[in-house]
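Asker: Here the working numbering is used: the first residue of the sequence shown is 269, the next is one more, and so on.
Glycine is no exception: its CB is placed at the ideal position from the N, C-alpha and C atoms.
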Amino acid sequence: MQIDKTKELETKGIGTLLLMYALPSVVSQIISSVYNICDRIFIGHGVGALAIAGLAITLPIINIIHAFGALIGVGAGARMSIVLGKKDVNWAEHILGNSVIFTVILSGLVMLFSYIFLDKILFMFGATAETVAYAREYMLIVLPGMFLTTMAFNLVSLMRASGYPNKSMIVLVSGAVLNIALDALFIFAFDMGIAGAAWATTISMAFATFLAMLHFVKRDSFIRFRRNGFQPKGYIFKNIFMIGMSPFLMNVAAAGVVAILNKQLIRFGGDMAVGAYGIANSFIMIMIMVILGVCMGMQPIAGYNYGAGHPDRLKRVYILTMKVCVAIGFVTAILGCAMPRIISMAFTSETILLDISQMALPYITVMTPLIAFTIVNSNFFQSIDKPWIAIVTSLSRQVIFLIPMMYIMPVIYQNLGLDSLDGVFCSCTVSDVFGALLAFVLLLTQKKVFKYTM
Numbered sequence: 269m270q271i272d273k274t275k276e277l278e279t280k281g282i283g284t285l286l287l288m289y290a291l292p293s294v295v296s297q298i299i300s301s302v303y304n305i306c307d308r309i310f311i312g313h314g315v316g317a318l319a320i321a322g323l324a325i326t327l328p329i330i331n332i333i334h335a336f337g338a339l340i341g342v343g344a345g346a347r348m349s350i351v352l353g354k355k356d357v358n359w360a361e362h363i364l365g366n367s368v369i370f371t372v373i374l375s376g377l378v379m380l381f382s383y384i385f386l387d388k389i390l391f392m393f394g395a396t397a398e399t400v401a402y403a404r405e406y407m408l409i410v411l412p413g414m415f416l417t418t419m420a421f422n423l424v425s426l427m428r429a430s431g432y433p434n435k436s437m438i439v440l441v442s443g444a445v446l447n448i449a450l451d452a453l454f455i456f457a458f459d460m461g462i463a464g465a466a467w468a469t470t471i472s473m474a475f476a477t478f479l480a481m482l483h484f485v486k487r488d489s490f491i492r493f494r495r496n497g498f499q500p501k502g503y504i505f506k507n508i509f510m511i512g513m514s515p516f517l518m519n520v521a522a523a524g525v526v527a528i529l530n531k532q533l534i535r536f537g538g539d540m541a542v543g544a545y546g547i548a549n550s551f552i553m554i555m556i557m558v559i560l561g562v563c564m565g566m567q568p569i570a571g572y573n574y575g576a577g578h579p580d581r582l583k584r585v586y587i588l589t590m591k592v593c594v595a596i597g598f599v600t601a602i603l604g605c606a607m608p609r610i611i612s613m614a615f616t617s618e619t620i621l622l623d624i625s626q627m628a629l630p631y632i633t634v635m636t637p638l639i640a641f642t643i644v645n646s647n648f649f650q651s652i653d654k655p656w657i658a659i660v661t662s663l664s665r666q667v668i669f670l671i672p673m674m675y676i677m678p679v680i681y682q683n684l685g686l687d688s689l690d691g692v693f694c695s696c697t698v699s700d701v702f703g704a705l706l707a708f709v710l711l712l713t714q715k716k717v718f719k720y721t722m
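1) With a CB to CB cut of under 6 angstroms and the five nearest residues on each side skipped, what residues in its chain are close to Ile540?
2) Please report the distance separating the alpha-carbon of Ala614 from that of Ile309.
3) Tell me whether Gln532 sits in a helix, a strand or coil according to DSSP, three-state version.
4) Can you tell me whether Leu416 sits near the ligand ZN, meaning its C-beta is under 6 angstroms from at least one heavy atom of the ligand?
5) Give every residue of the same chain whose Cβ lies closer than 6 angstroms to the Cβ of Gly341, excluding the five residues on either side of it in the sequence, and list them in chain order.
6) Determine the contact status of Ile325 and Ala465, defining contact as a CB-CB distance below 7 angstroms.
7) Anyone know if the C-beta pair for Pro637 and Val592 falls short of 7 angstroms?
8) Looking only at its own chain, which residues have a Cβ that is under 7 angstroms from the Cβ of Asn447, when we skip the five neighbours before and after it?
9) Give me, in chain order, the residues of the same chain whose beta-carbon lies closer than 8 angstroms to that of Ile329; leave out the 5 immediate sequence neighbours on both sides.
10) Leaving aside the five residues before and after Thr600 along the sequence, list all residues of the same chain whose C-beta is less than 7 angstroms from its C-beta, in chain order.
11) Alpha carbon to alpha carbon, how far is Ile438 from Met677?
12) What is the residue span of the alpha helix (DSSP H) that Leu705 lies within?
13) Would you grab the beta carbon distance between Thr254 and Arg665 for me? Rounded to a whole angstrom, and I think it's under 8 angstroms.
14) Run through the segment 439-511 for me and flag every whole beta strand (DSSP E) of 3 or more residues, listed as ranges in chain order.
15) Using the C-alpha atoms, what's the distance from Ala480 back to Met510?
16) Quick one: measure Cβ to Cβ for Gly376 and Phe498, integer angstroms, because I've assumed they're closer than 8 angstroms.
17) Put Lys275 into one of helix, strand or coil per three-state DSSP.
18) Could you check if Pro433 is buried or exposed, using at least 16 other CB atoms within 10 Å of its CB as the buried criterion?
19) Could you tell me which whole alpha helix (DSSP H) segments of length 4 or greater appear in the segment 614-677?
20) Is it right to say Phe648 is buried, meaning 16 or more other beta carbons lie within 10 angstroms of its own, or is it exposed?
21) Where do the ends of the alpha helix (DSSP H) carrying Ala401 lie?
22) Among Trp656, Arg495, Asn645 and Ala548, whose alpha-carbon lies nearest the alpha-carbon of Met607?
23) With Ser578 as the anchor, note down where its alpha helix (DSSP H) starts and where it stops.
24) Considering only the alpha carbon of each residue, which of Ile587, Val441 and Thr284 lies closest to Leu711?
25) Work out the CA separation of Ile333 and Val378 for me, nearest whole Å.
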């Protein structure tokens with residue numbers, strides 16, 4: 269018997285709901301971050317510093333591939349929450365089927381393009397003669413796993429939107445735990461090097477995708493696969509695409525920006541500077557993943573109540589989410605500024621890499637509360653079908669401000685007699701400030717959504 273597990277989204281207390289939906293998402297995001305970081309820790313200690321730099325080169329490429337998962341998963345999940353708020357189960361099941369079709373088409377095209385132009389892409393993103401072999405070996409194996417990651421991301425998002433936050437957590441955590449175990453086995457026991465990390469990722473994502481598929485096949489699932497749900501619907505593709513464009517462009521922009529940043533880092537600090545940024549970025553991504561997990565918990569609550577016409581509940585979930593995420597941002601900033609060397613030592617024992625990482629971490633983490641503010645606003649507006657506000661908000665710190673700052677700040681530092689490499693890292697700090705200011709201005713223009721009525 270199918271049970272509508274989404275009714276509680278308009279009846280239970282907002283605090284209770286956010287805990288119910290955010291906690292599984294946060295756990296999933298933390299575990300996912302941990303296994304990504306385990307790749308770097310295992311590779312750093314089991315293969316070497318150049319391997320970490322090579323892996324850092326692959327991160328923006330992988331983020332672009334993940335962006336397609338975000339486009340479909342976030343777009344489909346947000347739209348499903350809204351239509352379930354309108355009590356339209358048939359529409360929700362068409363969203364499920366069409367999102368799977370969308371995933372297969374987009375992922376297939378991206379994989380084909382990546383294989384054909386892999387070396388050119390790696391050099392474009394900052395690979396050097398010393399690091400390209402590591403990056404190429406990793407990508408050749410992990411690309412099929414990226415298709416599985418995209419599918420898993422989509423299905424898990426739809427599980428959460430249809431009222432199964434705990435199940436969605438179990439799927440992602442199962443894949444992550446398997447990945448960590450296989451990392452240790454393949455890199456240290458079998459001495460497979462960076463290829464071991466790639467195989468661990470691919471196998472674990474296949475397992476997570478299988479578990480997610482299994483949920484939507486079961487007859488007792490509230491929303492499940494039905495034959496007519498796979499009939500292509502142009503308006504559903506459009507809905508998914510428009511809402512999902514915000515996280516998609518954010519991920520693609522982040523990848524493009526990292527490519528530029530890597531070139532600036534190599535220019536002023538060499539391969540070790542790229543590795544140091546990879547370490548600093550890995551640390552801050554743990555906390556950002558926690559913030560994103562809270563936002564993922566907010567998404568079905570906000571989307572459902574927006575669709576059902578409850579502006580008071582919409583406002584309450586926004587405010588509570590903001591408070592929690594900004595608090596997490598403060599914790600991140602304190603840790604990153606107070607103990608950068610201790611954090612860096614988890615990733616490497618190489619003195620040069622430690623020294624640069626210790627310098628980079630405070631720059632990267634000090635404005636995390638403002639990053640949290642920007643992320644919450646972007647996720648909130650994409651949850652209630654305001655894609656253009658979400659897109660501008662998400663791109664502000666990563667494109668509008670960071671790209672010019674990467675060229676301006678090193679010159680300013682040089683003119684002040686300071687290290688230009690510090691200026692490159694400081695560009696991240698400055699862009700975080702300006703991005704938050706723009707997010708605040710955009711929020712003021714959209715206050716009417718909290719007065720929305722059906």
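Answerer: By the coordinates alone:
1) In the sequence on display, residue 540 carries Met and not Ile. Scanning its chain for C-beta atoms nearer than 6 angstroms, with the 5 sequence neighbours on each side dropped, one finds around Met540 the residues Ile620, Leu621 and Ile624, in chain order.
2) Across the structure, Ala614 and Ile309 are spaced so that their CA atoms are roughly 7 angstroms apart.
3) Look at Gln532 here: in three-state DSSP terms it is helix.
4) Ligands are entirely absent from the displayed structure, and the ligand ZN is therefore not among its contents.
5) If the five residues before and after Gly341 are omitted, its C-beta is found closer than 6 angstroms to the C-beta atoms of Phe421, Asn422 and Ser425, all from its own chain and listed in chain order.
6) Cβ atoms of Ile325 and Ala465: not closer than 7 angstroms.
7) For Pro637 and Val592, no; Cβs fall outside 7 angstroms.
8) Answer for Asn447: Tyr303, Ala468, Thr469 and Ser472, listed in chain order.
9) Excluding sequence neighbours, Ile329 sits near Ser382, Ile389, Leu390, Phe393, Met407 and Ala523.
10) Contacts found: Ile552, Met555, Thr633 and Thr636.
11) Spanning the two alpha carbons is a distance of roughly 44 angstroms.
12) First-last of the alpha helix (DSSP H) with Leu705: Ser688 to Thr713.
13) Only positions 269 to 722 of the chain appear in the structure, and residue 254 is not among them; the question remains open.
14) Taken in chain order, no unbroken stretch of beta strand (DSSP E) lies wholly in the segment 439-511 with a span of 3 residues or more.
15) Their Cα atoms are separated by approximately 24 angstroms.
16) At roughly 16 angstroms, the Cβ-Cβ gap does not stay under 8 angstroms, so Gly376 and Phe498 are not in contact.
17) Helix.
18) Classification for Pro433: buried.
19) The DSSP assignment places complete alpha helix (DSSP H) segments of no fewer than 4 residues inside the segment 614-677 at 619-633, 636-651 and 655-663, in order along the chain.
20) Counting other Cβ atoms within 10 Å of its Cβ, Phe648 reaches 16 or more and is therefore classed as buried.
21) Where Ala401 is concerned, the enclosing alpha helix (DSSP H) stretches over Val400 to Ala429.
22) Ranked by Cα distance from Met607, the options Trp656, Arg495, Asn645 and Ala548 are led by Ala548.
23) The displayed chain sequence assigns His, not Ser, to residue 578. In the DSSP annotation of this structure, His578 is not part of any alpha helix (DSSP H), being labelled neither H nor E.
24) The shortest C-alpha separation from Leu711 is found at Ile587.
25) For Val378 and Ile333, the distance between alpha carbons rounds to 7 angstroms.
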